[in-house]
Amino acid sequence: MTDVIDAPRNLLVQNTRPGCVSEHSENLVLAQKITEARYAHFKAASEVYPKSYPPPMAGDGADVFAAADEAGEGTMTYKEVAKFLGRNQNLRHRLQEGWESFNSKFDTENLNDLTKADFMKIWQEAAALRK
């Protein structure tokens, strides 16, 4: 019975992994299948499955840098990153326990340049703090 839940869930995880571009409507259909399967499982077994989901993948940060680098220059200032992070608080779910360490490195008064490699290094250090 749990395969009916896990199969669409695994597809959804693949479609929403960092750096993957997928069709939103396909993801909605998968999410609906997961919801229906979870309700059917609860009705049949009187238990919630799964009890908890694993956290989303952190990725290497390249996709986050690309999204933050709106001008496409390949470098940004720490201030630009701080503004981006302020608008995109949902990234904290990808870093989990590493979010505070990551977010604290970006000051809105810091105008020094940050390259993609530097950004990815900071991201990966924060991702390593996840439990």
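With my numbering applied, the sequence shown corresponds to residues 1 to 131, in that order.
Beta carbons are placed, not taken as given, at the ideal position from N, Cα and C, and that holds for glycine.
Predicted model only: the values in this text are computed from it and were never measured.
Item: Going by DSSP in three states, D63 sits in which element: helix, strand or coil?; Value: helix
Item: Do you know offhand how far V48's Cα is from P54's?; Value: 15 Å
Item: Which full runs of the alpha helix (DSSP H) of 4+ residues lie inside the stretch 82-119, going along the chain?; Value: 92-95 and 99-103
Item: On the DSSP bridge assignment, give the partners of M76 in chain order.; Value: L114
Item: Could you tell me whether the stretch 57-71 touches the stretch 25-32, using the rule of 3 or more Cβ pairs below 8 Å?; Value: no
Item: Run through DSSP, which three-state label would A127 get?; Value: helix
Item: Sorted by chain position, which residues of the same chain lie with C-beta nearer than 7 Å to A44's C-beta, five sequence neighbours on each side aside?; Value: M1
Item: With distances taken from CA atoms, which of A58, H24, Q89 and K131 is nearest I122?; Value: A58
Item: Please determine, among A37, S101, Q89 and G98, the residue with the shortest C-alpha to C-alpha distance to R9.; Value: A37
Item: Need the endpoints of the alpha helix (DSSP H) that P8 sits in, please.; Value: D3 to N15
Item: Take D118 as the anchor and find which of L85, G98, V4 and A62 has the nearest alpha-carbon.; Value: A62
Item: Can you give me the Cβ contacts of T108 inside the same chain, cut-off strictly under 6 Å, excluding the 5 residues immediately before and after it?; Value: K79 and A82
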